[in-house]
Amino acid sequence: MKTATSIIDTLSMLLPAEDYSTDREHLDRMSGDSADDVAIGAPLAIVYPRTTQQVSTIVRAAAAAKVPLVPQGARSGLVGGANATDGALLLNLTRMDAIREISVADQTVTCEAGVNTKRLADAVAEHGLFYPPDPGSVSLSTIGGNVATNAGGMQCLKYGTTGRFVRAMTVVTGTGEVLELGHATAKGVAGLDLAALFVGSEGTLGIVTEVTLALLPAPGPLMGAYGVFVDMDQALEAANAIVASPFGPAALEVLDGQIIRAINELNREEVLPGDAEALLIVQSDTIDRAEADIAAFAEIFSTFGATKVVTATEPQAVSDIMNLRRQLHPATRRAYGSVLNEDIAVPRGRMRELIAGVSGIAEELGVPIATGGHVGDGNLHPLIGFDPRDPSSRALANKAFERVMALAAELGGTITGEHGVGILKRSVVGAELSPEVRAAQKAIKAVFDPAGILNPGKKL
3 MKTATSIIDT
13 LSMLLPAEDY
23 STDREHLDRM
33 SGDSADDVAI
43 GAPLAIVYPR
53 TTQQVSTIVR
63 AAAAAKVPLV
73 PQGARSGLVG
83 GANATDGALL
93 LNLTRMDAIR
103 EISVADQTVT
113 CEAGVNTKRL
123 ADAVAEHGLF
133 YPPDPGSVSL
143 STIGGNVATN
153 AGGMQCLKYG
163 TTGRFVRAMT
173 VVTGTGEVLE
183 LGHATAKGVA
193 GLDLAALFVG
203 SEGTLGIVTE
213 VTLALLPAPG
223 PLMGAYGVFV
233 DMDQALEAAN
243 AIVASPFGPA
253 ALEVLDGQII
263 RAINELNREE
273 VLPGDAEALL
283 IVQSDTIDRA
293 EADIAAFAEI
303 FSTFGATKVV
313 TATEPQAVSD
323 IMNLRRQLHP
333 ATRRAYGSVL
343 NEDIAVPRGR
353 MRELIAGVSG
363 IAEELGVPIA
373 TGGHVGDGNL
383 HPLIGFDPRD
393 PSSRALANKA
403 FERVMALAAE
413 LGGTITGEHG
423 VGILKRSVVG
433 AELSPEVRAA
443 QKAIKAVFDP
453 AGILNPGKKL
């Protein structure tokens with residue numbers, strides 16, 4: 003209690019009253035991310051810094067008091083990475099939301115960590131520039147959170163994940179030291195690439211407060227299509243043909259039959275054929291060629307047995323098609339009650355084995371598992387349904403979760419392609435990483451966070 007009182011007294015001296023809170027109702031609202039059935043602790047307080055220097059001062063105070071810190075953005079993550087731990091300070095960066103500079107000449111944008119992803123993309127678009135990372139939570143998530151998890155999304159098939167666009171960053175380490183990492187230039191190899199080390203580190207090495215991101219020239223108008231299949235194997239063959247084609251899709255997504263039916267239920271009407279077992283969604287943004295690309299993709303759908311093909315060239319119709327994909331998580335959560343949302347990835351040539359293996363696990367354990375995601379790059383999202391009120395249902399879901407993770411690792415893949423490890427996947431990291439690798443990672447954390455106060459119990 004003495005530690006709790008002393009750190010809160012310190013906060014009252016460091017911050018205006020409106021920038022921190024110990025109100026239990028407010029803390030309860032802010033203590034978890036969007037993951038289902040992941041442990042949430044009881045924090046001491048939440049702080050809303052507005053500058054990098056404030057972050058540094060708060061970290062120094064927390065380190066001196068040996069109080070853990072949990073960095074947060076919009077809390078749209080799905081693995082408990084922003085969940086409170088007992089006795090922690092929640093350090094929420096959403097009030098650090100300034101877009102500092104958009105450089106047309108350098109094709110970069112510099113912003114604070116709390117900037118909303120879609121707001122940033124819209125802002126640079128006004129200058130004829132393009133920020134491609136497009137996570138499913140694009141309307142909610144923040145740039146700092148995207149960097150912390152190396153977020154991907156629909157368009158990373160063509161453009162890559164967040165890390166590909168990170169040029170430079172300002173980071174506050176676990177000792178309160180402020181580091182300027184990376185390069186504002188397109189090239190730069192002086193010293194070790196420490197900026198890359200912080201991308202995907204989930205707040206365990208330091209707190210990213212400002213980022214400089216590379217941009218691209220604006221692409222052409224986005225156009226899209228979907229194909230409906232009565233057999234998942236046909237859809238996978240069509241997806242392989244599209245990726246192997248010379249047309250370069252911007253996005254290529256798949257939804258299985260369970261998700262299709264969940265989407266229909268969510269919308270209270272049959273928006274997709276109820277007897278379908280797979281849906282492929284494809285997009286192109288190639289300048290002066292997107293419409294021809296979409297026509298070629300539609301032909302591929304038909305060649306591989308699609309029973310229905312829909313194309314879209316107008317913005318609203320294109321958006322409506324991709325919105326089907328964005329319903330994956332809310333639709334399955336509504337259908338099942340709660341879900342463990344995985345984001346495993348395997349080499350594309352082994353996706354058929356993965357999907358068959360997941361189906362086998364579901365059948366053997368009697369657990370509903372719906373699968374969709376980024377079929378273009380092998381990053382799929384099996385969603386395991388369970389009843390959180392039923393201990394046996396939760397136990398079976400956790401068993402299925404572990405089995406699916408092990409399957410991904412056995413197929414030469416990864417337990418997380420973009421969501422991160424957080425709390426949800428920490429117990430299964432050993433399926434992919436050797437004890438030696440994990441020890442090396444923990445040694446690196448000790449360099450930047452010697453007291454171990456940054457996001458303890460997560461990632462590593």
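For the working numbering, add 2 to where a residue sits in the sequence shown, where the first one is 1.
Backbone N, C-alpha and C fix where the C-beta goes; we use that ideal spot for every residue, glycine too.
- Message: Using only the alpha-carbon positions, how far apart do Ile60 and Ser203 sit?
- Response: Straight across, the Cα-Cα distance linking Ile60 with Ser203 is about 20 Å.
- Per DSSP, the bridge partner or partners of Pro370: In the DSSP output, where bridge partners are listed per residue, Pro370 has none listed.
- Query: Hey, quick one: how far does the alpha helix (DSSP H) through Val57 stretch, first residue to last?
  - Reply: DSSP places Val57 inside the alpha helix (DSSP H), whose first and last residues are Thr54 to Ala67.
- Proximity to Pro251 [Cα-Cα], best of Gly378, Ala197 and Ser36: Nearest neighbour of Pro251 by Cα position, chosen from Gly378, Ala197 and Ser36, turns out to be Gly378.
- Which of helix, strand or coil DSSP assigns to Gln285: Of the three classes helix, strand and coil, the one that applies to Gln285 here is strand, per DSSP.
- Message: At the level of alpha carbons, what is the spacing between Thr119 and Ala76?
- Response: Per the coordinates, the alpha-carbon of Thr119 lies some 10 Å from the alpha-carbon of Ala76.
- Status (buried if at least 16 other CB within 10 Å, exposed otherwise) for Gly138: Within 10 angstroms of the beta-carbon of Gly138 lie 16 or more other beta-carbons, which makes it buried.
- Item | Cross-strand partners of Ala216 (DSSP beta bridge) | DSSP links Ala216 through a beta bridge to Thr110.
- Name the residue from Ser14, Gly79, Gln56 and Ser23 whose alpha carbon lies nearest to the alpha carbon of Ser141. For the set Ser14, Gly79, Gln56 and Ser23, the Cα lying nearest the Cα of Ser141 is the one of Gly79.
- Start-to-end residues for the alpha helix (DSSP H) that takes in His331: Element bounds for His331: Leu330 to Tyr338.
- Query: Which residues mark the beginning and the end of the beta strand (DSSP E) in which Leu46 is found?
  - Reply: Unbroken run through Leu46: none, as it is neither H nor E.
- Message: Among Ala280, Leu254 and Phe249, whose alpha-carbon lies nearest the alpha-carbon of Ala264?
- Response: The shortest Cα separation from Ala264 among Ala280, Leu254 and Phe249 belongs to Ala280.
- With contact counted as at least three CB pairs below 8 Å, one residue from each stretch, are the stretch 36-50 and the stretch 337-347 in contact? Yes: the two stretches touch, three or more of their Cβ pairs being nearer than 8 Å.
- Whole-number beta carbon distance between Val168 and Ala188, since they are thought to touch under 8 Å: Contact doesn't hold; Cβ gap of about 13 Å is too wide.
- Task: Could you tell me which residues DSSP puts in a beta bridge with Ser2?
- Result: Outside the shown range of the chain (3 to 462) lies residue 2, about which nothing can therefore be said.
- Three-state secondary structure (DSSP) at Leu196? Judged by DSSP in its simplified three-state form, Leu196 adopts helix.
- Which class does Met3 belong to by DSSP, given the choice of helix, strand or coil? Low confidence applies here, because Met3 scores a pLDDT of 47, under 50, leaving its location unreliable and the question unanswered by this model.
- The alpha helix (DSSP H) spanning Tyr161 covers which residue range? Counting along the chain, the alpha helix (DSSP H) containing Tyr161 begins and ends at Cys158 to Tyr161.
- Query: Between Glu293, Gln260 and Asp290, which lies nearest to Asp277 when the distance is taken from Cα to Cα?
  - Reply: Comparing C-alpha distances from Asp277 to each of Glu293, Gln260 and Asp290 shows the shortest one belongs to Gln260.
- Quick one: is Arg405 buried, meaning 16 or more other Cβ sit within 10 Å of its Cβ, or exposed? Buried: at least 16 other Cβ atoms inside 10 Å.
- Message: Alpha carbons only, please: which of Val81, Leu238 and Asp30 is nearest the one belonging to Asp88?
- Response: Comparing Cα positions, the closest option is Asp30.
- Specify, as a first and last residue, the run of the alpha helix (DSSP H) that Lys310 falls within. Where Lys310 is concerned, there is no enclosing alpha helix (DSSP H), although the beta strand (DSSP E) it sits in stretches over Lys310 to Ala314.
- Item | Sequence-distant residues of the same chain with beta carbon closer than 8 Å to Arg328, five excluded per side | Once the five neighbours on either side are set aside, the close Cβ partners of Arg328 are Gly138.
- Helix, strand or coil at Val430 according to DSSP, with G and I counted as helix: Helix at Val430.
- Sort Arg62, Pro332, Ala216 and Pro135 by Cα distance to Gly374 and report the nearest one. It is Pro332 whose Cα lies nearest to the Cα of Gly374.
- Task: Give the single residue among Gln236, Val57, Asn242 and Ala192 whose Cα lies nearest to the Cα of Gly178.
- Result: The option with the nearest alpha carbon to Gly178 is Val57.
- Item | Glu20 burial status per 10 Å Cβ neighbour count (16 or more: buried) | When all chains shown are included, Glu20 counts as exposed.
- Along the chain, where does the beta strand (DSSP E) that runs through Asn381 open and close? Asn381 -> beta strand (DSSP E) spans Asn381 to Phe388.
- Distance CB(Ala243)-CB(Val256) smaller than 9 Å: Result no, Cβ atoms of Ala243 and Val256 do not sit closer than 9 Å.
- Is the beta carbon of Ser23 sitting closer than 9 Å to the one on Ala67? Judged by beta-carbon spacing, Ala67 lies beyond the 9 Å limit of Ser23, meaning their Cβ atoms are not closer than that value.
- With C-beta atoms as the reference, is Asp95 less than 9 Å away from Pro51? It should be pointed out that residue 95 corresponds to Leu in this sequence rather than to Asp. Judged by beta-carbon spacing, Pro51 lies within the 9 Å limit of Leu95, meaning their Cβ atoms are closer than that value.
- May I have the straight-line CA-CA distance separating Phe306 from Asp233, to the nearest angstrom? Each residue's Cα considered, the two are about 10 Å apart.
- Report the three-state DSSP secondary structure of Asn85 (helix, strand or coil). In this structure, DSSP gives Asn85 a state outside helix and strand, which the three-state scheme calls coil.
- Message: Assuming the contact rule is C-beta atoms closer than 8 Å, Gly424 and Lys461 should be a hit. Round their C-beta distance to whole Å, please.
- Response: Right, the Cβ-Cβ distance comes to about 7 Å (below 8 Å), so this counts as a contact.
- Own chain residues within Cβ distance below 6 Å of Met3, not counting five before or after: With a pLDDT of 47 at Met3, under the threshold of 50, the modelled position of that residue is not reliable, and no figure is offered here.
- Item | Candidates Tyr338, Ala300 and Ser33: closest to Ala84 by CA position | Cα-wise, what sits closest to Ala84 is Ser33.
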